[in-house]
Amino acid sequence: MGTSSQTIAERIQKRMDDLTRAERQLALSVLENYPASGLGPLASLAKSANVSVPTVARMVQKLGYKGYPDFQADLREELSAIAKGPIAKHETWAGAAPSEHILNRFTEAVIDNIRTTMAHIDPVAFDDACALVADRSRHLYIVGGRVTHTLAEYLFLHMQVIRPNLTHVQSTSNTWPHYLLNAGEGDVFVVFDVRRYENNTLKLAELARERGAKIVLFTDQWRSPVHRMADICLTSQIIVPSAWDSATTTMLLVESMISAIQTLTWDSTRDRMEELEELFDKTKLFRKFT
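Residue numbers (our numbering): 35 to 324.
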């Protein structure tokens, strides 16, 4: 962003404990419809949050801005970044590309994404998400989008080994009502949604929430609109020198979750693994060299 690589949402979350009661009320109002919430006049934002104009000015300064216009400039830049398609992203990168080899530049970008993501992730929230996904008493639904369905399938494949009572929700929306028919209070939906956010994914999350389900969201630094109804939101930095965003950091979180859940449930997971190996032997699915 204009003054920092952090998004405004990340700044707010980092400074939340330093804000006054009125400022926290304002901050939550901004996050409720982020990032569009701060694009109107200062007085309108104050009115919608039911706080005073000076409260808005003070909070903006606590976030590191000289004034409301600078705050809005960063919001507009975030909106522009969210809206970019692959062609626009490639042209933005290509104009300023250094001469070093793409392997090095891409790797450096991914490492920076990992560092930034790890610096801002809440370990308690991550542990809570793992506990929800590991809980066999809750039916687990895993769903991705046009691109993120590959991450959803990867998580689902491993969860099949670790636990029963789960469903891979296909990314075609005309099948969702059938999945939702069985969803109930306390079930868990793991949702993957990164920019450009998908309307169908948002609708699925809304309907799951209405049925009392818990939602764990994997998203990017700008946060999918699904975050407004998510119980836990795990964000990743995704920008790389490419027309497409990177899934590497999100995959890191997914694989970390798989490892954590395996550890939480090792006794039962080991039994399931042993049974699965017996089935592999019976089906002769894999070649043996001994």
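Beta carbons: idealized from backbone N, C-alpha and C, even for Gly.
TODO: Could you have a look at K237 and say whether DSSP puts it in helix, strand or coil?
DONE: In the structure shown, K237 falls within a helical segment according to DSSP collapsed to helix, strand and coil.
TODO: Have a look at L214 and F226 and give me their C-alpha separation to the nearest angstrom.
DONE: In this structure, the alpha-carbon of L214 lies about 17 Å from that of F226.
Open item on the list: Can you check which of these residues, L310, M263, R229 and V250, is closest to E240 by C-alpha distance?
Closed with: The shortest Cα separation from E240 among L310, M263, R229 and V250 belongs to M263.
Task: Rounded distance between the beta-carbons of I295 and I196, thought under 8 Å - done: 6 Å between Cβ atoms; contact.
Open item on the list: Taking the alpha carbon of S276 as the reference point, which residue from H135, F140 and R55 has its own alpha carbon closest?
Closed with: Relative to the Cα of S276, the nearest Cα in the group H135, F140 and R55 belongs to F140.
Open item on the list: Out of T303, F314, Q255 and K318, which one is the CA nearest neighbour of H154?
Closed with: Selected option, being the one with the closest Cα: Q255.
TODO: In the DSSP assignment, find the alpha helix (DSSP H) that holds F190 and state where it starts and stops.
DONE: Per DSSP, F190 belongs to the alpha helix (DSSP H) from H183 to I196.
- [ ] Identify, in the order they occur along the chain, each residue of the same chain with its Cβ nearer than 8 Å to the Cβ of A163, setting aside the five sequence neighbours on each side.
- [x] Here the set comprises V250, I266, L268 and M291.
Open item on the list: In the DSSP output, which residue or residues are listed as bridge partners for I176?
Closed with: BP columns for I176 point to H202 and V224.
Task: Expected contact under 8 Å - CB spacing of M193 and L174 to nearest Å - done: Contact between M193 and L174 holds: CB atoms are separated by about 6 Å, below the 8 Å threshold.
- [ ] Reducing DSSP to helix, strand and coil, say where T41 ends up.
- [x] T41 sits in coil when the DSSP states are folded into three classes, being neither helix nor strand.
TODO: Under the assumption that G72 contacts V64 (Cβ atoms under 8 Å), give the Cβ distance between them as a whole number of angstroms.
DONE: Beta-carbon to beta-carbon, G72 and V64 are separated by about 6 Å, close enough to satisfy the 8 Å threshold.
Task: Through-space distance from A80 to V21, alpha-carbon basis - done: Any answer about residue 21 is impossible in this case: the structure gives the chain only from 35 up to 324.
Open item on the list: Please report the straight-line C-alpha distance between R306 and E289, rounded to a whole angstrom.
Closed with: If you take the alpha carbons of R306 and E289, they lie about 19 Å apart.
Task: T269 - containing beta strand (DSSP E), residue span - done: Counting along the chain, the beta strand (DSSP E) containing T269 begins and ends at I266 to S270.
Task: Span of the alpha helix (DSSP H), counted from its first residue to its last, around F160 - done: Per DSSP, F160 belongs to the alpha helix (DSSP H) from P157 to A168.
- [ ] State the beta-bridge partners of L251 as determined by DSSP.
- [x] Beta-bridge annotation (DSSP): L251 is paired with V225 and C267.
Open item on the list: On the criterion of 16 or more Cβ atoms from any shown chain inside 10 Å, does I176 qualify as buried, or is it exposed?
Closed with: With 16 or more other Cβ atoms within 10 Å, it is buried.
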